[in-house]
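**Student:** Got a structure for you, questions after.
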Amino acid sequence: MPAATFGFTWRHCLASSVRMGALGLALIAGSGGAWAAGPAADASIASASTNPESIRPYRIHVDEAQLTDLKKRIAATRWPDKETVSDVSQGVQLAQVQALVKYWGSGYDWRKAEAKLNALPEFITTIDGVDIQFIHVRSPNPNAMPLLLTHGWPGSQFEFLKTIGPLTDPVAYGGKVEDSFDVIIPSIPGHGFSGKPTELGWGPDRVAKAWDVLIKRLGYTHYVSQGGDHGSVISDALGRLSPPGLLGIHLNMPATIPPELVKPINSGDPAPVGLTEPERKAFDSLSTFFGRNAAYGAMMVTRPQTIGYLLADSPTGTAAWMYEKIAAWTDSDGQPERVLTRDEMLDDISLYWLTNKEAIGKDYPMTVTDIPGPIKHFQVHLKLADGSPVTIDVRPSMVPLSPWLPVVLLGQLALMILCTWLAVRIAIRPLTRLAQAVENLDPNTHPVHLDEQGPTEVAHAAIAFNAMQARIAAYLKERMQLLAAISHDLQTPITRMKLRAELMDDCGDKDKLWNDLGEMEHLVREGVAYARSVHGATEESRRTDLDSFLDSLVFDYQDMGKDVQLSGKSNAVIHTRPHALRRVLVNLTDNALKFAGAAQLRVEPKEGDSLSVTVMDRGPGIAEEELARVIEPFYRVENSRNRSTGGTGLGLAIAQQLAQALGGTLTLRNREGGGLCAELRLPTRSS
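Going letter by letter, the sequence shown gives residues -36 to -1, 1 to 651 in mature numbering (1 follows the signal peptide of the UniProt record, and there is no 0).
Right, here's the structure in full:
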């Protein structure tokens, strides 16, 4: 049955990026060379021995001396000067090759690559006088289709290793059992661990016939073939020969450039009129390829022996030579490390070096002619296998720049700035919340529980902050409970002492004892009041008419015959805790009455949505250096330590604590002309 060639129309071919290896295909198709079709192989080749005993197991092993010599040569590399451009227009860049070769000499392990191949069933057999090494992996499915895979240059069996599992056992990879293949992967003669031909004529047709012999020798009666790069030429030749049993071929690089497009591609002329957009892009891609990538082919065809001396002697030269093509022929924008690991690239490079298969273009019949003119260029002349002449016109060309490039770059820059801003904002948002929580930390308000989600460091900080808030609240609660407990426990002995004093005979000591017990009881009550003032936020906030509130307070004092006056109007209804506010003003007013005998209250609005209530007197005042200390608990100025004024040193401390709980501030200052001024500043919407 004739083979069914699964090719593409020339339009589809153009639409795919066929730039890779197009020149190489033209070169290897030339007549008379090692890869040329040449004279038809002897008919006896097709009837070569199919005796299974002629297939021998094979195992790869490179002597350690070769690997030691490789590392010595790498270490002794004499490097050229750095390129004078910032791109790859002069060839592969020095830094890239140095990094690859440095890893080759110190980090790469050939034995791992060797083990990958030796883990597969490997064999060798002699066909047409040349040893053919190949991998043969059978599928668990007994009805699997035999699939012949042919590599290209610079390529090898390594390129197919990742496909063997899915092809032979698709079920294990989520596929169907009917899609199973038996995989046969030979090394092309002159490549890898296959033998080197010792005569001319080993062109695509001859290799294709050898492949058919190999398949029949393995016992298969039918098969399919796949190839890319050089492998596509061999598979194409196999399809044209159409041996019995070949069901079809698959090419991932068909060389089907239409004749009407060959001339403009060779000459560098613009694309013909009438091409579709995908066709025009493919045409430009081919033109660019021939304009930039013809040098390696010309060198390998015209002077293969000369270039062979370099590649056979210098591992760094081999690496640079192959890395150039790996960078150009992979979809990596010249950065093959994006799609291949260094080990994957060095597997192929090491195989070529260790088997000394670099000079693969020997004796290609080809001529190169310089063409003078305003724009100097050159032409490559050769013949195809059918005798048709081919001329490749190579012209230098500038890299085309789109007029939209600056706009695109600016857009990308703007997008990058926006993304950076968003990323920074998202990253610092938890820190901002933490800073706000720290700033608003107040024992008189309910603590704000921070979200403990997010990056590890931020989550740890939030957890620590929440724990700190809980500890502070516990300490304050414990202090209040302690003071309340002490005050409660002291009430009992004080009461007993009062009862005993009552039973005493009337005398001077009895009066003194009563006075002391009264002071102790007052001190206990003030201690409890101070402890409760720390938790002033526990009282619910209510709407309060401040002017009415102050009038009521002042009238209460006046009803008791105290000299207390009120001036000013606030005209404000505020949200506050009335009991706490009353205690603050009572303490301040009592303090003024105690030391001056009279108190004057004044209320007035202030800027910034606040108002002040000031309690003033004309008493002795407080020394400037003691103004800040009198609000400390149990602190009394010297003048207050007498029986006439009494006092525990807690009145102003309680007022200060409650003022903070109300969201306000308490400020003390001396008045001009004598006396003290205590100003309570409150927000119009107290917390």
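Where is the CB? At the ideal position from N, CA and C, for every residue including glycine.
#1: Give me the Cα-Cα distance between G561 and A423, rounded to the nearest whole angstrom.
#2: Compute the distance between the beta-carbons of P118 and H100, then report whether it is under 9 Å.
#3: In the DSSP assignment, find the beta strand (DSSP E) that holds D509 and state where it starts and stops.
#4: With DSSP collapsed to three states, give me the class of L58.
#5: Can you tell me the Cα-Cα spacing of G572 and P394, whole angstroms?
#6: Using the C-alpha atoms, what's the distance from R75 back to E288?
#7: To which residues of the same chain is A401 closer than 7 Å at the C-beta, ignoring the five residues directly before and after it?
#8: Taking 9 Å as the threshold (C-beta atoms), are S231 and R359 in contact?
#9: With H, G and I counted as helix, E and B as strand and the rest as coil, what does DSSP make of E596?
#10: Using the Cα positions of S70 and K35, report the straight-line distance between them to the nearest angstrom.
#11: Could you tell me whether the stretch 88 to 106 touches the stretch 52 to 63, using the rule of 3 or more Cβ pairs below 8 Å?
#12: Whether or not the stretch 168 to 185 and the stretch 196 to 205 are in contact is what I'm after, with contact meaning three or more pairs of Cβ atoms, one per stretch, closer than 8 Å; do they touch?
#13: In the structure shown, what three-state DSSP assignment does Y187 receive?
#14: Looking at V303 and S296, is the spacing between their C-beta atoms short of 9 Å?
#15: Contact check, R20 vs F87 under 8 Å by CB: the rounded distance?
#16: Alpha carbon to alpha carbon, what distance is there between W175 and F89?
#17: Does DSSP put M468 in a helix, in a strand, or in coil?
#18: Is the separation between the beta-carbon of A563 and that of K526 shorter than 9 Å?
#19: Where does Y439 land, buried or exposed, given buried means 16+ other C-beta within 10 angstroms?
#20: Using 10 angstroms around the beta-carbon of V94, count the other beta-carbons present and answer buried if the total reaches 16, otherwise exposed.
#21: Mind reading off the beta-carbon distance from T280 to I38? Whole number of angstroms is fine, and I expect it under 8 Å.
#22: Measure the alpha-carbon distance for residue 656 versus T114 and round it to whole angstroms.
#23: Counting Cβ pairs, one atom from each stretch, are 3 or more of them under 8 Å apart for the stretch 636 to 647 and the stretch 582 to 595?
#24: For the alpha helix (DSSP H) containing L125, list its first residue and its last residue.
#25: For P110, report the span of its beta strand (DSSP E) as first-last.
#26: For F513, tell me which candidate among V550, E503, S120, E403 has the shortest Cα-Cα distance.
#27: Buried or exposed: which applies to A79, given that a residue is buried once 16 or more other Cβ atoms fall within 10 Å of its Cβ?
#28: Hey, how far is the Cα of G191 from the Cα of W293?
#29: Please look up how many angstroms separate the CB atoms of L481 and M461, rounded, as I've assumed it's under 8 Å.
#30: Would you kindly work out how many angstroms separate the C-alpha atoms of S531 and E596, rounded to a whole number?
#31: Inspect the beta-carbon positions of I458 and R507 and report whether they are closer than 9 Å.
#32: Assign L646 to one of two classes, buried (16 or more other C-beta atoms within 10 Å of its C-beta) or exposed (fewer than that).
#33: Ignore the nearest five residues each way along the sequence and tell me which others in N535's own chain have a CB closer than 8 Å to its CB.
#34: Could you give the distance in angstroms between the alpha-carbon of V548 and the alpha-carbon of E590?
#35: How far does the alpha helix (DSSP H) with M524 in it extend, from its first residue to its last?
#36: If we call anything under 9 Å between Cβ atoms a contact, is L112 one with I179?
**Tutor:** Here's the rundown:
#1: 58 Å
#2: no
#3: 506 to 509
#4: helix
#5: 30 Å
#6: 25 Å
#7: V412, L414, F429
#8: yes
#9: coil
#10: 8 Å
#11: no
#12: yes
#13: strand
#14: yes
#15: 6 Å
#16: Per the sequence shown, residue 89 should be read as Thr rather than Phe. Roughly 11 Å separates the two Cα atoms.
#17: coil
#18: yes
#19: exposed
#20: buried
#21: 7 Å
#22: This structure does not reach residue 656, given that the chain is present from -36 up to 651, and the question cannot be answered.
#23: yes
#24: 125 to 132
#25: 109 to 114
#26: V550
#27: exposed
#28: 16 Å
#29: 6 Å
#30: 29 Å
#31: no
#32: buried
#33: D511, P569
#34: 20 Å
#35: Segment: none, M524 is in no alpha helix (DSSP H) and carries neither H nor E.
#36: yes
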